[in-house]
Each structure stands twice: as C-alpha cells, then as structure tokens.
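Residues 323 to 731, numbered by this note's numbering, are exactly what the sequence shown covers, in order. Here the structure is laid out as structure tokens; the discussion comes afterwards.
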Amino acid sequence: MFITYTHVDDIKAPAKKRQVHLYQNRRRKEIKAASTALSKNHAAKPGEADAVSWPSHKFPMALQADLLFEGIILLMWSSFPPSLKQSSHAERDQVFMGIRGAVMSKLHARLSVPQLCSDDFNRGLDDNVEIHCEGLRQMVKLRGGLAANDVQPQTKYSITACVHLIHHNETVMTGLTGEGSAEMMVDLAILRRGLSPKMNMTPNNKIVYPAHPFSPELCKTIATLPKGFEDMALKQVLSVQVIDLLHRLTRTIERGPAEFPKDTSIAVEMMRLSMEPEANIVEKGVILLTFVFARFLSDKATKGSSSPQSMRTDDAIKEPVGRWARFAFGIQKEVDSDFIAWTTFVLWLACEDYGYSEKEQDELVDRLARTQPTMKNKDRLSSVVTKYFFHQSLEQDLDMFWKSLMTKS
Numbered sequence: 323m324f325i326t327y328t329h330v331d332d333i334k335a336p337a338k339k340r341q342v343h344l345y346q347n348r349r350r351k352e353i354k355a356a357s358t359a360l361s362k363n364h365a366a367k368p369g370e371a372d373a374v375s376w377p378s379h380k381f382p383m384a385l386q387a388d389l390l391f392e393g394i395i396l397l398m399w400s401s402f403p404p405s406l407k408q409s410s411h412a413e414r415d416q417v418f419m420g421i422r423g424a425v426m427s428k429l430h431a432r433l434s435v436p437q438l439c440s441d442d443f444n445r446g447l448d449d450n451v452e453i454h455c456e457g458l459r460q461m462v463k464l465r466g467g468l469a470a471n472d473v474q475p476q477t478k479y480s481i482t483a484c485v486h487l488i489h490h491n492e493t494v495m496t497g498l499t500g501e502g503s504a505e506m507m508v509d510l511a512i513l514r515r516g517l518s519p520k521m522n523m524t525p526n527n528k529i530v531y532p533a534h535p536f537s538p539e540l541c542k543t544i545a546t547l548p549k550g551f552e553d554m555a556l557k558q559v560l561s562v563q564v565i566d567l568l569h570r571l572t573r574t575i576e577r578g579p580a581e582f583p584k585d586t587s588i589a590v591e592m593m594r595l596s597m598e599p600e601a602n603i604v605e606k607g608v609i610l611l612t613f614v615f616a617r618f619l620s621d622k623a624t625k626g627s628s629s630p631q632s633m634r635t636d637d638a639i640k641e642p643v644g645r646w647a648r649f650a651f652g653i654q655k656e657v658d659s660d661f662i663a664w665t666t667f668v669l670w671l672a673c674e675d676y677g678y679s680e681k682e683q684d685e686l687v688d689r690l691a692r693t694q695p696t697m698k699n700k701d702r703l704s705s706v707v708t709k710y711f712f713h714q715s716l717e718q719d720l721d722m723f724w725k726s727l728m729t730k731s
C-alpha cells in the first residue's frame, strides 16, 4: 500500500524533469480554474455566503486516515503464518503493537518529506487516489455506513469528495464520487504542495541526550516544564525528544483538561518513544505515566459526554501499566523519591480504568506508606504531587489518596 516516492531533484534526465514540471504547471492551471468556478457556485447559493473556499484547504494524505491505517495493519497480519495467528491474546497484542510501531515509523519517514514528485505527479496519472478512496468506502460499508460510524472528517471527505460548512456550522455532504472525487483530491494535493516548505524535512528518530552547557532554546523549553520534570531534565535523565514531548503536553494541559485527545500527534509520539530501544527505563516510565495521567484527566473532564473512548488503547497499555506498578519501587536509586510518590498517585488513579482491583490499589498505597512515611503529611504530599503533572480538578482525588495513606500503619 505504500507509495514509492521520487524526489524531483533526483530525476537526472532533463527531459523527464521538464515533463514533470510541465505536467504540474498544467494541472495547477486546470484545477485552479475548476476550484474558482466551484467556489463561485457555492457562494452564489442562498444561505451559503460563508461557504469555505476550496483553495483555503490543505490536503492530508489518505494514508493518514485511521481506518486505512488499521487496514494496513490487518493486511500485514493476514500474511502471518497460522501458528502465530493461533497465539494467545497477550502475544497477539504484542505482535500488533510491533507492527503498528513499524508502520508508524515508515509513515513518519515518508510523510515528513513534503516535496516529492510522485505525490502529485502519480496521483494525476494513475488510480492511486481512487484506490485509497475505494478502500475507505469498503471499510466504512462493512462497519454499517457513515451514519453508524463516528469517523474522522478526513475519512468522510475522502469518501464523499466534498464537504462544506454553511452559516450555522452544520456539515453538509454533497455526495460527489467517482471522477469528481479524484479530481478534487488532486486539486487539494497540488494546493498542499504549494504550501509546503521548500527545504526537505527529515525525521529525527535518534534519541539524543542533552549535554552541558545546554543551548538557550533547550533551556527555554525545560523552564516550561513542571518543577519535577525540570529537575530530571537538568540532571540529564531525559532525552531531548522526551523533554520536547513533555513541553507539548504541558501546553496542552494548560489549555484545559479535555484538550489531550484533540492533538493526536502527542499520543503518536508517545507510542513511538515508548517503543524506542535506545530510551532508558525511566523515560519509558515517564512517557507511560504522563499518557495515563493525561488520559485520566481528559476522561474525568468529559465524563457523561458522548465522546467515544478507545478500548483498544486501554487493552494495549494495560500490561505496561501493571508491569510499571510492580516495578516502580525498584528504581528508587535512579529517580527522586518524589517521582515515586507521583507515580503511585497516578497508578492509584488509573488502576480501576485498566482493570486492576481495589486490593492492588491498596498494595500500591501500602508500599508508599512504608517507604515514604512523610507522605502522610497532607501538605508534604500535595507539594510533591503538584511538582509533576497535576490539575485542580483532581483535588478531591488527592484528598482520597491521602486518606488512604493515613489508614496505613
């Protein structure tokens, strides 16, 4: 399913390179004329004065659609031998996570290079766009159609070709398909290329740990982190990638407790770094715990709403959460004792969500009470927990956690 890309500058034959540029220029003129006419037609209709102009849109590649991404993984799984398919549920989960990580790294490497000639050139010459659209249509159809599925807007657009907003913010599906769909996809692909930076971007997957003296930019980033993570960064426990991830998550939580699911790129980067073999055990714990915290905070803020929660995500991290709950007190020599206290609080919050019993929650609290009796002081506990990620909406949960500590001898 992956498209083989060729950079324009890598085309050695002058005649071929000229052919590519001529084709792209011709397509831009054709699509610009069609887009302008379409925009005028929409604006001329009563009640649609605020219709979105097509040239203002960027086109995300169809490979980024959740359903198609899932289809790639299932297609890869189907090629595995029968002996592996009959493995246990835990083994299958591990294999799926490995496949997902491999696919994600390949997508990241390919999609981070914007100036690629076949992105537009091949899409205009062959049926790549329509193949992607047809795959999405079939997957949605198997799941009961658009009405029965809460699919992402890009998937709806890829299936129906045209989406525009009218003045009262209702989404109207015009239902164009076939050649119109392919033409519109090519149109937006060309427009997206026009907005791409001229210099190539290459993925930076190598884990890099900061060294003194820190750069001014890194110092500014570290200064935005919660005090506990700032101290860990200054001690060079965290890599530059994890520091940047914590910075982004800090800004997201500051905007509101329910903001975390809206920026899916943070969760994707968390998943990638958590599977990075060069990352140390402390970093992987930080990534897991911050994800669990942000997810709990978001779920608490949206409790009672109709927003769907991913059970697959819960299942995927259930085992790592349990493993970290058993392992956390074993790294006290590598991290500050305050981090262990915050870790216990986060795991205590999340135990119920990930299928752990009250007994296991109680064991976590008991271990903290035995190893750090000073945490029974409420002011001390509050000052420690708030050094890391915390939100005022969790004050009641913190009070319950403190009361649980007080019951321990």
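Using N, Cα and C, we set each Cβ at its ideal position, and we do this for glycine too. Fair warning: this is a prediction, and the values are worked out from it, not measured in the lab.
May I have the straight-line CA-CA distance separating leucine 690 from methionine 697, to the nearest angstrom?
The count along the sequence shown starts at 1 and reaches residue 690 at position 368. The count along the sequence shown starts at 1 and reaches residue 697 at position 375. The alpha-carbon atoms of leucine 690 and methionine 697 are separated by roughly 8 Å.
Which residue comes first and which comes last in the alpha helix (DSSP H) that contains cysteine 541?
Within the sequence shown, the letter at position 219 stands for residue 541. Its alpha helix (DSSP H) spans residues 538-545.
Report, in whole angstroms, the separation of the C-beta atoms of phenylalanine 551 and leucine 568, which I expect to be a contact under 8 Å.
Along the sequence shown, read from residue 1 onward, the residue named residue 551 stands at position 229. Along the sequence shown, read from residue 1 onward, the residue named residue 568 stands at position 246. With a Cβ gap of about 5 Å, phenylalanine 551 and leucine 568 count as contacting.
Locate the alpha helix (DSSP H) running through methionine 722, then write down its first and last residues.
To locate residue 722, count along the sequence shown from 1; it is residue 400. For methionine 722, the enclosing alpha helix (DSSP H) stretches over residues 717-728.
Taking the beta carbon of serine 659 as the centre, do at least 16 other beta carbons fall within 10 Å, making it buried, or is it exposed?
Translated into the one-based positions of the sequence shown, residue 659 becomes position 337. Serine 659 is exposed by the Cβ-count criterion.
Whole-angstrom distance between leucine 344 and glutamine 416, CA atom to CA atom
Your numbering for residue 416 matches position 94 in the sequence shown. Your numbering for residue 344 matches position 22 in the sequence shown. Cα-Cα distance, rounded: 48 Å.
Considering only the beta carbon of each residue, do lysine 709 and proline 548 sit closer than 8 Å?
Locating residue 709 in the sequence shown gives position 387, where the first residue counts as 1. Locating residue 548 in the sequence shown gives position 226, where the first residue counts as 1. Yes, the Cβ-Cβ distance between lysine 709 and proline 548 is below 8 Å.
Between the C-alpha atoms of threonine 587 and arginine 594, what's the straight-line distance to the nearest angstrom?
Taking the first residue of the sequence shown as position 1, residue 587 is located at position 265. Taking the first residue of the sequence shown as position 1, residue 594 is located at position 272. One point to set straight first is that residue 587 is serine, not threonine, in the sequence displayed. Each residue's Cα considered, the two are about 10 Å apart.
Cβ neighbours of asparagine 471 in the same chain (closer than 7 Å, five flanking residues each side left out)
The residue given as residue 471 occupies position 149 in the sequence shown. Answer for asparagine 471: Val462 and Arg465, listed in chain order.
Is valine 687 helix, strand or coil by DSSP?
Reading the sequence shown from its first residue, position 365 is the one you call residue 687. Valine 687 sits in a helix when the DSSP states are folded into three classes.
Between the alpha carbons of phenylalanine 615 and serine 704, how many angstroms are there, rounded?
Position 293 of the sequence shown, counted from the first residue, corresponds to residue 615. Position 382 of the sequence shown, counted from the first residue, corresponds to residue 704. Distance between the alpha carbons of phenylalanine 615 and serine 704: 16 Å.
Rounded C-alpha distance that separates serine 410 from phenylalanine 618:
For the purposes of this step, residue 410 is identified with residue 88 of the sequence shown, where counting begins at 1. For the purposes of this step, residue 618 is identified with residue 296 of the sequence shown, where counting begins at 1. In this structure, the straight-line span from the alpha carbon of serine 410 to that of phenylalanine 618 is close to 29 Å.
Can you tell me where the alpha helix (DSSP H) with threonine 624 in it begins and where it stops?
Within the sequence shown, the letter at position 302 stands for residue 624. First-last for threonine 624: undefined, no H or E at that position.
Taking only the alpha-carbon atoms, compute the straight-line gap between alanine 555 and aspartate 566 and give it to the nearest angstrom.
To locate residue 555, count along the sequence shown from 1; it is residue 233. To locate residue 566, count along the sequence shown from 1; it is residue 244. It is roughly 11 Å from the alpha-carbon of alanine 555 to the alpha-carbon of aspartate 566.
What first and last residue would you give for the alpha helix (DSSP H) that runs through serine 659?
By 1-based counting over the sequence shown, the position of residue 659 is 337. Here the alpha helix (DSSP H) through serine 659 covers 659-672.
Looking at the secondary structure, which residues open and close the alpha helix (DSSP H) in which lysine 549 lies?
The sequence position of residue 549 within the sequence shown is 227, counting from 1. Lysine 549 -> alpha helix (DSSP H) spans 549-556.
So, at 7 Å on beta carbons, what are the nonlocal neighbours of proline 642 in its own chain, with the 5 sequence-adjacent residues on each side left out?
Within the sequence shown, residue 642 is the residue found at index 320, counting from 1. Answer for proline 642: Leu610, listed in chain order.
Are the beta-carbon atoms belonging to valine 706 and tryptophan 670 less than 8 Å from one another?
Taking the first residue of the sequence shown as position 1, residue 706 is located at position 384. Taking the first residue of the sequence shown as position 1, residue 670 is located at position 348. For valine 706 and tryptophan 670, no; Cβs fall outside 8 Å.
Taking C-beta to C-beta, are lysine 625 and serine 715 nearer than 8 Å?
For this step, residue 625 is matched to residue 303 along the sequence shown. For this step, residue 715 is matched to residue 393 along the sequence shown. No; because the gap between Cβ atoms is not below 8 Å, this pair is not in contact.
Which value, in whole angstroms, describes the spacing of the CA atoms of glutamate 717 and lysine 700?
To locate residue 717, count along the sequence shown from 1; it is residue 395. To locate residue 700, count along the sequence shown from 1; it is residue 378. Rounded to whole angstroms, the separation of the alpha carbons of lysine 700 and glutamate 717 is 12 Å.
Alanine 729 classed as buried or exposed, judged by whether at least 16 other C-beta atoms fall within 10 angstroms:
What you label residue 729 is simply residue 407 of the sequence shown in a count that begins at 1. One point to set straight first is that residue 729 is threonine, not alanine, in the sequence displayed. Here threonine 729 is exposed: its Cβ has fewer than 16 other Cβ atoms, across all protein chains shown, within 10 Å.
Cα-Cα, which of Val657, Trp646 and Ala601 is closest to tyrosine 676?
For the purposes of this step, residue 676 is taken as the residue at position 354 of the sequence shown. Ranked by Cα distance from tyrosine 676, the options Val657, Trp646 and Ala601 are led by Trp646.
DSSP state of serine 561, grouped into three classes?
The residue given as residue 561 occupies position 239 in the sequence shown. Three-state result, serine 561: coil.
Going by DSSP in three states, glutamine 695 sits in which element: helix, strand or coil?
Within the sequence shown, residue 695 is the residue found at index 373, counting from 1. Correcting the residue type first, residue 695 is proline in the shown sequence and not glutamine. Proline 695 falls in the helix class under three-state DSSP.
Among Gln683, Pro599 and Thr574, which residue has its Cα nearest to the Cα of alanine 589?
Walking along the sequence shown from the start, residue 589 turns up at place 267. Among Gln683, Pro599 and Thr574, the Cα nearest to that of alanine 589 belongs to Thr574.
Which two residues bound the contiguous alpha helix (DSSP H) that contains leucine 703?
Numbered from its first residue, the sequence shown carries residue 703 at position 381. Following the DSSP letters along the chain, one finds leucine 703 inside the alpha helix (DSSP H) bounded by residues 700-707.
With burial defined as no fewer than 16 other Cβ atoms inside 10 Å of the residue's Cβ, what is the status of lysine 460: buried or exposed?
Taking the sequence shown and counting its residues from 1, one reaches residue 460 at position 138. One detail in the question is off: residue 460 reads as glutamine in this sequence, not lysine. Label assigned to glutamine 460: exposed.
Euclidean distance between Cα positions of proline 695 and phenylalanine 661:
Along the sequence shown, one-based indexing puts residue 695 at 373. Along the sequence shown, one-based indexing puts residue 661 at 339. Straight-line Cα distance between these residues: approximately 15 Å.
Comparing alpha-carbon positions, which option in Glu674, Glu591, Phe649 and Ser620 lies nearest valine 562?
Locating residue 562 in the sequence shown gives position 240, counting from the first residue. Minimum Cα distance to valine 562 is reached at Glu591.
Which of helix, strand or coil does DSSP assign to alanine 580?
Numbered from its first residue, the sequence shown carries residue 580 at position 258. Looking at alanine 580 - three-state DSSP - the assignment turns out to be coil, as it is neither helix nor strand.
Whose CA, out of Pro579, Thr546, Ala533 and Thr543, lies closest to the CA of valine 559?
Translated into positions along the sequence shown, residue 559 becomes position 237. Closest option to valine 559, Cα to Cα, is Ala533.
DSSP three-state label for aspartate 713, please.
Here residue 713 corresponds to residue number 391 of the sequence shown, with the count starting at 1. One point to set straight first is that residue 713 is histidine, not aspartate, in the sequence displayed. In the structure shown, the three-state DSSP call for histidine 713 is coil.
Three-state class that DSSP yields for valine 530 in the structure shown:
Here residue 530 refers to the residue found at position 208 when the sequence shown is read from its first residue. Three-state DSSP puts valine 530 in coil, outside helix and strand.
Please state whether DSSP places alanine 616 in a helix, a strand or coil.
Sequence index remark: in the sequence shown, residue 616 carries index 294 (1-based). The answer is helix: DSSP assigns alanine 616 an H, G or I state.
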